[in-house]
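Peer 1: Can you read through this structure? Questions will come right after.
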Amino acid sequence: MDCRHIPKDQVLQALVSGKINSSKSDKRSLPCPKYVVDASIGANKKNIQAVFSSCPTFTNVVTVIDKDTNWECVCP
């Protein structure tokens, strides 16, 4: 999220208001189905794609992609 310049509040906004991309999601993955969510967020309508792992008692953010800008990510 950091190297792609997508703050936590925008990821949460995508989770709440984004649309599930059924063709890329894996709803049968056990024990935690994976959902790909497409969203346009923020004042500039940044297009992001987020992957969430939805477990019975929690949800994890797997990855978040800025579809408008190809940020170079170098992990430390």
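Residue numbers (our numbering): 152 to 227.
From the three backbone atoms N, C-alpha and C, an ideal C-beta is built for every residue, glycine too.
Fair warning: this is a prediction, and the values are worked out from it, not measured in the lab.
Quick one: is V167 buried, meaning 16 or more other Cβ sit within 10 Å of its Cβ, or exposed?
Peer 2: Flag for V167 reads exposed.
Peer 1: Are three or more beta carbon pairs between the region 170-189 and the region 153-162 nearer than 8 angstroms?
Peer 2: Contact between the region 170-189 and the region 153-162 is absent, because fewer than three Cβ pairs lie under 8 angstroms.
Peer 1: Below 8 angstroms on the Cβ atoms is my guess for F209 versus V188; work out the distance and round it to an integer in Å.
Peer 2: The pair is not a contact, with the Cβ atoms about 16 angstroms apart (cut-off 8 angstroms).
Peer 1: Round the Cβ separation of V162 and V213 to the nearest angstrom and send it over; I've been treating them as touching at under 8 angstroms.
Peer 2: Between V213 and V162 the Cβ distance is about 11 angstroms, and since that is not below 8 angstroms, they are no contact.
Peer 1: On the criterion of 16 or more Cβ atoms from any shown chain inside 10 Å, does A194 qualify as buried, or is it exposed?
Peer 2: Classification for A194: exposed.
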